[in-house]
Each structure stands twice: as C-alpha cells, then as structure tokens.
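Report on the following structure.
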Amino acid sequence: MRGRAEPGSIAKTVQGDDVHFDVHWSPLSLADRHDIAARVPAVAGIYELYAELTTRLQKFALEGAWYGGLRAAIRAATDAEVATDVDRRALLARWRCLYRYCAVDTREDLFDLLHALRATGSEGVASASGRFASVSVSERGELGTY
Numbered sequence: 079m080r081g082r083a084e085p086g087s088i089a090k091t092v093q094g095d096d097v098h099f100d101v102h103w104s105p106l107s108l109a110d111r112h113d114i115a116a117r118v119p120a121v122a123g124i125y126e127l128y129a130e131l132t133t134r135l136q137k138f139a140l141e142g143a144w145y146g147g148l149r150a151a152i153r154a155a156t157d158a159e160v161a162t163d164v165d166r167r168a169l170l171a172r173w174r175c176l177y178r179y180c181a182v183d184t185r186e187d188l189f190d191l192l193h194a195l196r197a198t199g200s201e202g203v204a205s206a207s208g209r210f211a212s213v214s215v216s217e218r219g220e221l222g223t224y
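Going by this note's numbering, the sequence shown opens with residue 79, and the numbers climb by one from there.
Structural data, given as structure tokens:
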C-alpha cells in the first residue's frame, strides 16, 4: 500500500528494489517576498515556478533546495532584482510568478525525486542516488486556484 502525503510533503513507499513517491504539492501561491517569508518552511525540498501568462500558466523551473531551505531558495528564485540569469530576470519582470513546493527529508530522496520528475514518463525511472532499481512518482495538487 502506498502512503498518502499531506499538502507540501511526500510519502515514500519502498518495495524491494523499487520506490514510489507520492508528491502532494502545496497550494499554488503568488510569489511575494512577505508571503514566502510567512508561509514557506525553511526546510529542504523541491519546488516549481510558474509564469502567469495571459491565458495560462507555464512552468519554467523545477528545482531542489537543500542548504538554506525552501524559503530562501524560492525567495531568491522569484525576485527579478536578485536573479542572475538574464532570461529569468526578464521573465520575472514581465509576468506574475507563482510557486508550489514539497518538503523532502533526505538529500538522496531529493535527488531521486528531481531525477524522476525531470525524466519523460516518470514511471520506472532509474534512481539518481543508485539506491533503487526504479523510482515512480505520483503527483497531487491543483494548478487552477491560487
């Protein structure tokens, strides 16, 4: 049986050489430095960033945060004045940015999750940490309301 994660967390189920992560994303939120400071925990995890285009949301980043935690990473990644990447700075200056996150307890789990989520067709991807023969991921969380 697979575990059920609370919003903003993961549940991990290991069966032999395989692992399944149930990712339950936090609610999608508008990137605001004060809101991030108040709501986002200063723990390790993964996060996604979205640009609010005229008629849709477009994901432009899937990243991990270890040192400094999610709060510091999301704060830096969503501030046009702090961004060092010219393309990201232009995107942040033009469009509203939204974020969602998921806390992750261990560095190896963080690497495995990022690897699986970035791979096309995340079912059965080999483990980035080398601990498992395959990694599968299910994701929950709505993008339509924020």
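The beta-carbon is built from N, C-alpha and C at its ideal position, and this holds for glycine as well.
So LEU135 and TYR128 are in contact, right, with Cβ under 8 Å, and what is the actual spacing, rounded? 4 Å
Pull up the CB-CB distance for GLY225 and TYR179, whole angstroms please, since I reckon it's below 8 Å. Within the shown structure, residues of the chain are numbered from 79 to 224, placing residue 225 beyond reach of any answer.
DSSP has ARG153 in a bridge; who is on the other side? ARG153 pairs with nothing; no bridge assigned.
Please classify HIS112 as buried or exposed, where buried requires at least 16 other C-beta atoms within 10 Å of its C-beta. exposed
Local conformation of LEU169 per DSSP, three classes: helix
GLY94 to ILE88 span [Cα, whole Å]: Spanning the two alpha carbons is a distance of roughly 19 Å.
Give the C-beta separation of ARG196 and LEU140 to the nearest angstrom, bearing in mind that I take them to be a contact with Cβ-Cβ under 8 Å. That belief holds up - the Cβ atoms of ARG196 and LEU140 are roughly 6 Å apart, short of 8 Å.
In this structure, does DSSP put GLU217 in helix, strand or coil? strand
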